[in-house]
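Student:
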Amino acid sequence: MKFSFNSLRVAFLGIAILSVSLAANSQSTNDYRSRHRNLLAKQNRVKDKIKVEESQNYARGLYGDKEADRSDIYSEGWNSDRVNPYQNSTIPNSKVIDVSRYHMPVKQKVVTSHFGYRKQFGRMHYGVDLKASVGDTVYAAFSGKVRLTKFERNGYGFYVIVRHDNGMETVYGHLSKFLVKPNQHVKAGSPIALSGNTGRSTGPHLHFETRYMGVAINPEKIFDFGNGRTHRNQYTFNKNSNDNAPSSRQSASRRK
Ligand SMILES: [Zn+2]
45 MKFSFNSLRV
55 AFLGIAILSV
65 SLAANSQSTN
75 DYRSRHRNLL
85 AKQNRVKDKI
95 KVEESQNYAR
105 GLYGDKEADR
115 SDIYSEGWNS
125 DRVNPYQNST
135 IPNSKVIDVS
145 RYHMPVKQKV
155 VTSHFGYRKQ
165 FGRMHYGVDL
175 KASVGDTVYA
185 AFSGKVRLTK
195 FERNGYGFYV
205 IVRHDNGMET
215 VYGHLSKFLV
225 KPNQHVKAGS
235 PIALSGNTGR
245 STGPHLHFET
255 RYMGVAINPE
265 KIFDFGNGRT
275 HRNQYTFNKN
285 SNDNAPSSRQ
295 SASRRK
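Numbering (this note's numbering), first residue to last: 45 to 300.
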């Protein structure tokens, strides 16, 4: 009887300590959250926001609402199985793209090959290669909808293209396994595939492209891969910028 009373007391004490520590923990989490919010608020560039809004209003004035607020992003070329379904589209000269809600495509933070012309192969590299082992999870960079999952033996291998709410498309190549199907909705950070070494690839890695209206943008102009974040909350696409390269498919159709 005495023993069980003691163990009851011990148990009660245990619960009391646990609830106090839980309360303290949630208190410190709240503190942390509010401090973090304050830091974020300080970082917000109010002037930049105003500038963007001004230029968007200006663009609306020039092109009308349709150009500034595209509601048809999931219809234009949606059923195309091409990497670039925008061949016959008019590409705007400039477009502010919201890249504030993102997720890095792989956990590792190493770029093994950059965007640009590769002299030794005589062709363009339309994305970056990110360090990844076979079987590493590949995440959707932004929220959106999977447009296609395909296999190309002499190129991307198994690859996924996701079209995003912000108007961009991202391409993920040399995969070993798909975790999504076309028309599936994804969030930034949803697992979409496992990385691999399929297609024209000399070792396991993720080939990652960022595109707007079929124009490949240097992903390193949007993402700071080494630090696992985007450079800014917005990326301004400019049609004739050196950040870009029209896709090979686009150039081929232009030559015809
Ligand atoms: Zn590559």
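All C-beta atoms, glycine included, are put in the ideal place defined by N, C-alpha and C.
Indicate the three-state DSSP secondary structure (helix, strand or coil) for Lys-283 in the structure shown.
Tutor: Lys-283 falls in the coil class under three-state DSSP.
Student: Would you mind working out which of Asn-210, Tyr-130, Ile-205, Lys-221 sits nearest Val-140, comparing C-alpha positions?
Tutor: The shortest Cα separation from Val-140 among Asn-210, Tyr-130, Ile-205, Lys-221 belongs to Asn-210.
Student: Quick one: using the 10 Å Cβ neighbour count with 16 as the cut-off for buried, is His-158 buried or exposed?
Tutor: Label assigned to His-158: exposed.
Student: Which two residues bound the contiguous alpha helix (DSSP H) that contains Glu-253?
Tutor: Element bounds for Glu-253: not the alpha helix (DSSP H) but the beta strand (DSSP E), 249–256.
Student: Along the beta strand (DSSP E) that carries Val-196, what are the first and last residues, could you check?
Tutor: Rather than Val, the amino acid found at residue 196 in this sequence is Glu. Counting along the chain, the beta strand (DSSP E) containing Glu-196 begins and ends at 188–196.
Student: Quick one: which unbroken beta strand (DSSP E) runs of 3-plus residues sit fully inside the stretch 211–248? Chain order, please.
Tutor: Whole beta strand (DSSP E) segments, 3+ residues: 212–222, 235–239.
Student: Measuring CB to CB, does Tyr-146 end up less than 9 Å from Thr-242?
Tutor: Not in contact: Tyr-146 and Thr-242 (Cβ atoms no closer than 9 Å).
Student: Would you say the beta carbon of Asp-180 comes nearer than 8 Å to a heavy atom of ligand 1?
Tutor: The answer is no for Asp-180.
Student: Anything with a beta carbon under 5 Å from a heavy atom of ligand 1 counts; list them all in chain order.
Tutor: Cβ atoms closer than 5 Å to ligand 1 belong to Asp-173, His-251.
Student: Can you give me the C-alpha to C-alpha distance between Arg-276 and Asp-173, rounded to a whole angstrom?
Tutor: The straight-line gap from Cα to Cα measures roughly 21 Å.
Student: Go ahead and pull the three-state DSSP assignment for Arg-167.
Tutor: Strand.
Student: Below 9 Å between beta carbons: does that hold for Thr-254 and Pro-263?
Tutor: Their beta carbons are under 9 Å apart, which means Thr-254 touches Pro-263 by this criterion.
Student: Would you identify the three-state DSSP class for Arg-276, choosing helix, strand or coil?
Tutor: It is coil, neither helix nor strand.
Student: By Cβ distance, which residues of its chain are closer than 7 Å to Asp-287, with the 5 residues on each side in sequence left out?
Tutor: Once the five neighbours on either side are set aside, the close Cβ partners of Asp-287 are Ile-261, Asn-262, Lys-265.
Student: Please work out which residues of its chain come closer than 8 Å, Cβ to Cβ, to Gly-160, disregarding the five sequence neighbours upstream and downstream, and give them in chain order.
Tutor: The answer, listed in chain order, is Met-168, His-169, Asn-262, Ala-289.
Student: Is Ile-266 helix, strand or coil when you go by DSSP?
Tutor: Ile-266 falls in the helix class under three-state DSSP.
Student: In angstroms, rounded to a whole number, what distance separates the CA positions of Lys-91 and Pro-136?
Tutor: Low confidence applies here, because Lys-91 scores a pLDDT of 49, under 50, leaving its location unreliable and the question unanswered by this model.
Student: In whole angstroms, what is the alpha-carbon distance linking Ser-138 and Gln-278?
Tutor: In a straight line, the C-alpha of Ser-138 is about 13 Å away from that of Gln-278.
Student: Within 10 angstroms of its Cβ, does Asn-284 collect 16 or more other Cβ (buried), or is it exposed?
Tutor: Answer is exposed; the Cβ neighbour count stays below 16.
Student: Please work out which residues of its chain come closer than 6 Å, Cβ to Cβ, to Gly-233, disregarding the five sequence neighbours upstream and downstream, and give them in chain order.
Tutor: If we look at Gly-233 and ignore the five residues flanking it on each side, its Cβ neighbours are His-147, Tyr-183.
Student: According to DSSP, which residues form a beta bridge with Thr-156?
Tutor: None, per the DSSP bridge assignment.
Student: Would you mind stating whether Phe-252 and Val-215 have Cβ atoms separated by less than 9 Å?
Tutor: Cβ distance < 9 Å, so Phe-252 and Val-215 count as in contact.
Student: Going straight from the alpha carbon of Tyr-118 to that of Gln-228, what length do you get?
Tutor: Taking the straight line joining both Cα atoms gives about 12 Å.
Student: Quick check on the burial criterion: 16 or more other C-beta atoms within 10 angstroms. Buried or exposed for Asn-282?
Tutor: Burial call: exposed.
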